[in-house]
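Participant: Take this structure first; my questions come after.
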Amino acid sequence: MKYTAVVLAGGAGKRMNSDVPKQYLELNGKPILAHSLIAFQNSDVDDIIVVCKAGDEDYIRREYVEKYNINKVSAICVGGKERYNSVYNGLKACVDSDYVLIHDGARPYVSKDIIKRNMEEVVKYHAVVTAVVATDTIKIADEDGFVVTTPIRKNCYAMQTPQTFEYKLIFEAYDKYINALESGEKIQVTDDAQVMELYMNKRVKLIEGEYTNIKITNPSDMR
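Laid out in structure tokens, this is it:
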């Protein structure tokens, strides 16, 4: 079976208050993106596809693939305006992949154990997502900011990446989603599992993540 990691590295990182995209900022001696790519390089995935913003392809190849000897990178492709466009482009760049791990390049501390669990569990469940139990009480609010309900905390999970799927299932799900958007439907999704849930009527299995597997979003996250 062939496992492909699609690493998303096309974000602007506006909330970082930096002129440099957050995935290129240095963290503990290496750019954030380098940590993510090295994690997959050192895993059992077969190849890596990097999705970046237009014009950064040579920079990615020179400063990441070549500098850090990430020889599993099989393609560097251009992302799109939204995250879902970038994922779709990454999926289209896959060649003969049986399973695909979709990962945020701004999650630098994804561990070898998390990657391994994703690879093992997707074979059994076809669609799995990394998640951690919410540590704070969650409130559901209405449009006016008033609390509607308080879900049971043990049933609430914070999503992480990678989110891993049988390739043909997630590609078909994204293909249907993109076609729906192009037809004028207004459906917002915030992660890959939601696309699978909406368009493939497929149950998605939660697997154990780690609280250290955070996504760098704000300046305080760097600390």
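My numbering applies: residue 320 is where the sequence shown begins, and numbers increase by one.
Built from N, CA and C at the ideal position, the CB exists for glycine as well.
Got a sec? Which residues, its chain only, sit under 7 Å from residue 425 by beta carbon, not counting five neighbours each side?
Facilitator: Residue numbering aside, residue 425 sits at position 106 when the sequence shown is read from its first letter. Contacts found: 330, 341, 342, 351, 534, 535.
Participant: In the structure shown, what three-state DSSP assignment does residue 516 receive?
Facilitator: On the sequence shown, position 197 is the one that residue 516 refers to. The answer is helix: DSSP assigns residue 516 an H, G or I state.
Participant: Whether or not the stretch 411-426 and the stretch 479-488 are in contact is what I'm after, with contact meaning three or more pairs of Cβ atoms, one per stretch, closer than 8 Å; do they touch?
Facilitator: Yes, the stretch 479-488 touches the stretch 411-426.
Participant: Is the number of C-beta pairs between the stretch 486-502 and the stretch 393-400 that are closer than 8 Å three or more?
Facilitator: No: fewer than three Cβ pairs fall under 8 Å.
Participant: Which class does residue 422 belong to by DSSP, given the choice of helix, strand or coil?
Facilitator: Within the sequence shown, numbered from 1, the residue matching residue 422 stands at position 103. Strand at residue 422.
Participant: What number of angstroms, rounded off, separates the C-alpha of residue 492 from the C-alpha of residue 322?
Facilitator: If you number the sequence shown from 1, residue 492 lands on position 173. If you number the sequence shown from 1, residue 322 lands on position 3. Going by the C-alpha atoms only, they are around 18 Å apart.
Participant: With DSSP as the reference, label residue 382 as helix, strand or coil.
Facilitator: For the purposes of this step, residue 382 is taken as the residue at position 63 of the sequence shown. Reduced to three states, the DSSP call for residue 382 is helix.
Participant: Any contact of the stretch 359-379 with the stretch 427-444, i.e. 3+ C-beta pairs under 8 Å?
Facilitator: Yes, since at least three Cβ pairs between the stretch 359-379 and the stretch 427-444 fall closer than 8 Å, the two stretches touch.
Participant: Give me the residue from 490, 392, 348 with the minimum Cα distance to residue 417.
Facilitator: To locate residue 417, count along the sequence shown from 1; it is residue 98. Comparing Cα positions, the closest option is 490.
Participant: Do the stretch 441-450 and the stretch 370-385 make contact, defined as three or more Cβ pairs closer than 8 Å?
Facilitator: Verdict: no, contact absent.
Participant: Among the candidates 515, 468, 469, whose CA atom is the shortest distance from the CA of residue 487?
Facilitator: Indexing the sequence shown from 1 puts residue 487 at position 168. Looking at the Cα atoms, 515 is the closest of the given residues.
Participant: Taking just the CA atoms, how far does residue 391 sit from residue 401?
Facilitator: Walking along the sequence shown from the start, residue 401 turns up at place 82. Walking along the sequence shown from the start, residue 391 turns up at place 72. In a straight line, the C-alpha of residue 401 is about 26 Å away from that of residue 391.
Participant: Whole angstroms is fine: what's the gap from residue 513's alpha carbon to residue 349's?
Facilitator: Reading the sequence shown from its first residue, position 194 is the one you call residue 513. Reading the sequence shown from its first residue, position 30 is the one you call residue 349. Their Cα atoms are separated by approximately 32 Å.
Participant: Can you list, in chain order, the residues of its chain with a C-beta nearer than 6 Å to that of residue 451? Leave out the 5 residues immediately preceding and following it.
Facilitator: In the sequence shown, the residue the question calls residue 451 occupies position 132. Result list for residue 451: 477, 528, 530, in chain order.
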